[in-house]
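Counting in the numbering used here, the sequence shown runs from 4 upward without gaps.
Built from N, CA and C at the ideal position, the CB exists for glycine as well.
On a predicted model such as this, the values are computed, not experimentally measured, just so you know.
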Amino acid sequence: MTVESTAARTPRRSAGSKAGTTGTKRTRTTAKKDAGTEPQLVQLLTPEGKRVKNAEYDKYVAGITPEELRGLYRDMVLTRRFDAEATSLQRQGELGLWASLLGQEAAQIGSGRATREDDYVFPTYREHGVAWCRGVDPANLLGMFRGVNNGGWDPNSNNFQLYTIVIGSQTLHATGYAMGVAKDGADSAVIAYFGDGASSQGDVAESFTFSAVYNAPVVFFCQNNQWAISEPTEKQSRVPIYQRAQGFGFPGVRVDGNDVLGVLAVTRWALERARNGEGPTLVEAFTYRMGAHTTSDDPTRYRGDEERQAWEAKDPILRLRRYLEASNHADDGFFAELEAESEALGKRVREAVRAMPDPDHFAIFENAYADGHALVDEERAQFAAYQASFADEGGN
Numbered sequence: 004m005t006v007e008s009t010a011a012r013t014p015r016r017s018a019g020s021k022a023g024t025t026g027t028k029r030t031r032t033t034a035k036k037d038a039g040t041e042p043q044l045v046q047l048l049t050p051e052g053k054r055v056k057n058a059e060y061d062k063y064v065a066g067i068t069p070e071e072l073r074g075l076y077r078d079m080v081l082t083r084r085f086d087a088e089a090t091s092l093q094r095q096g097e098l099g100l101w102a103s104l105l106g107q108e109a110a111q112i113g114s115g116r117a118t119r120e121d122d123y124v125f126p127t128y129r130e131h132g133v134a135w136c137r138g139v140d141p142a143n144l145l146g147m148f149r150g151v152n153n154g155g156w157d158p159n160s161n162n163f164q165l166y167t168i169v170i171g172s173q174t175l176h177a178t179g180y181a182m183g184v185a186k187d188g189a190d191s192a193v194i195a196y197f198g199d200g201a202s203s204q205g206d207v208a209e210s211f212t213f214s215a216v217y218n219a220p221v222v223f224f225c226q227n228n229q230w231a232i233s234e235p236t237e238k239q240s241r242v243p244i245y246q247r248a249q250g251f252g253f254p255g256v257r258v259d260g261n262d263v264l265g266v267l268a269v270t271r272w273a274l275e276r277a278r279n280g281e282g283p284t285l286v287e288a289f290t291y292r293m294g295a296h297t298t299s300d301d302p303t304r305y306r307g308d309e310e311r312q313a314w315e316a317k318d319p320i321l322r323l324r325r326y327l328e329a330s331n332h333a334d335d336g337f338f339a340e341l342e343a344e345s346e347a348l349g350k351r352v353r354e355a356v357r358a359m360p361d362p363d364h365f366a367i368f369e370n371a372y373a374d375g376h377a378l379v380d381e382e383r384a385q386f387a388a389y390q391a392s393f394a395d396e397g398g399n
């Protein structure tokens, strides 16, 4: 597959031009606009809860019913409640760490609900809302963060891979899996989640290359929450993230990541392309991480309150509630019942975490090799002797 080099199409600066001059700035700005690099944002629901038309993407949510809209709202509310409970559990010493999704509920629920049962999902470590959509019990997400297991669920039962802590590596896994799907002749699709920080990783660039060359049925879903821990997006990329796809030979689109309808529509479009054999797509969900990167992070050290307050006005849950109320699709009874359900979920998760049994000390040796290994057997025996030494000391 041949992709025309972007550099080959970009005029070089003349030898007489000087960096930093007014003329140079004008030239760069004009070239940028002429190249069509101004960010374009797909939005179907405004922060005020107003439905706006979009000729290209409206058809992907045209048949959505009031019941389905309430379902999207319920998904976001319950996901946020679970996330808040997990954060509290970490602060109480019940979890070692937690990566909050606060503010990113629409990006995750909208994209998660766009998938089919036979699609396969490769998450990072923050896709709690997508896990909810795939039917993973929220309590099962917490075992790894409590240190009692290495995942907590069977990936093949929900076509939802285990959380990936290594930044960006899941995009390679997704691409390889998608290439296998294509060879099998299946019409399912694969979706890989990653953040704006991971977009700077070499693994992601390799994934883009292989997926484009092999026309793999994969959607790369980047949740641009504006911060890679303490590094802002503008220090990671000279162009909007979605425009990077152009250099690899496949389309990219930026959607309002706080607009659950917009995300649902764009992801449905991208997954449909993949299933139809049209290859990969990069979706950039433009959203915001309202909380800390993880519970070990202090965001007040690198960003101001004004920024958070500006994004609070774009809250994904509040905007859908405004739309539901304005359209008479939900009443006070619905919201009251949901509030009770969310509290019940928080209580169930809290009790489940505290009841988790300690892991079997020898389980780590069971899955190192499929058929066993002499060195592992030796290490197991050494560890058993070490454990037994404590029992001996207690008896003395």
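- Judged by their CB atoms, Ile244 and Asn261 are not nearer to each other than the 8 Å cut-off.
- Out of His376, Ala366, Leu323, the CA that lies nearest to the CA of Val80 is found in Leu323.
- With contacts defined by Cβ atoms closer than 8 Å, Ala185 and Asn153 do not form a contacting pair.
- One thing to note: Tyr128 has its Cβ no nearer than 8 Å to the Cβ of Val193.
- In the three-state scheme derived from DSSP, where H, G and I count as helix and E and B as strand, Pro235 is classed as strand.
- By DSSP's assignment, Gly198 forms a beta bridge with Gln226.
- No Cβ-Cβ contact shorter than 8 Å links Thr298 with Thr82.
- DSSP places Arg311 in no beta strand (DSSP E) but in the uninterrupted alpha helix (DSSP H) bounded by 308-315.
- Less than 8 Å divides the Cβ of Arg77 from the Cβ of Leu341.
- Residue state for Gly183 is assigned as helix, using DSSP reduced to three classes.
- When the beta-carbon positions are compared, Trp230 and His296 come within less than 8 Å of each other.
- Taking one beta carbon from each stretch, the segment 250-268 and the segment 278-296 have 3 or more pairs nearer than 8 Å; the two touch.
- Under the three-state reduction of DSSP, Phe163 is assigned to strand.
- Distance from the CA of Gln111 to the CA of Thr118, rounded to the nearest whole angstrom, comes to 11 Å.
- Comparing alpha-carbon positions, the option among Ala277, Ala177, Pro360 lying closest to Glu97 turns out to be Pro360.
- Taking the Cα of Glu237 as reference, the smallest distance to any Cα among His332, Thr212, Ser202, Asp335 is reached at Ser202.
- Contact check for Val263 against Tyr60 fails: the beta carbons are separated by 8 Å or more.
- Burial state of Val169 is exposed, judged by a 10 Å Cβ sphere holding fewer than 16 other Cβ atoms.
- With respect to the 8 Å criterion, Pro126 and Gln164 are classified as neighbours on the basis of their beta carbons.
- Per DSSP, the beta-bridge partners of Leu285 are Phe223, Gly255.
- DSSP places Leu47 outside both helix and strand once states are collapsed to three, so it counts as coil.
- Annotated three-state conformation of Tyr63 is helix, per DSSP.
- Here Arg257 is not near Tyr63, since their CB atoms are 8 Å or more apart.
- Assigned with DSSP and collapsed to three states, Tyr123 falls in strand.
- The C-beta separation of Gly265 from Leu48 comes to about 6 Å, placing the pair in contact by the 8 Å criterion.
- Val139 sits in coil when the DSSP states are folded into three classes, being neither helix nor strand.
- Taking the Cβ atoms as the reference, His332 lies roughly 4 Å from Pro69, within the contact range of under 8 Å.
- Excluding five sequence positions before and after Arg73, the CB atoms of its chain that fall closer than 8 Å to its own CB belong to Leu327, His332, Ala333, Phe337, given in chain order.
- For Phe213, the closest alpha carbon among the candidates Gln312, Gly183, Asp259 is that of Gly183.
- Under the three-state reduction of DSSP output, Arg324 falls in the helix class.
- Within the same chain, and ignoring the five residues on either side of Thr167 in sequence, the residues whose Cβ sits closer than 6 Å to its Cβ are Thr127, Gln173.
- Annotation: Phe365 to Asp190 spans about 41 Å, alpha carbon to alpha carbon.
- Rounded to whole angstroms, the separation of the alpha carbons of Ser210 and Trp156 is 26 Å.
- Take Val55, set aside five residues on each side of it, and the residues of its chain with a beta-carbon closer than 8 Å to its own are Gln46, Leu47, Leu48, Thr49, in chain order.
- Proximity to Ser345 across Glu71, Ala316, Gln43, Arg84 peaks at Arg84, based on C-alpha coordinates.
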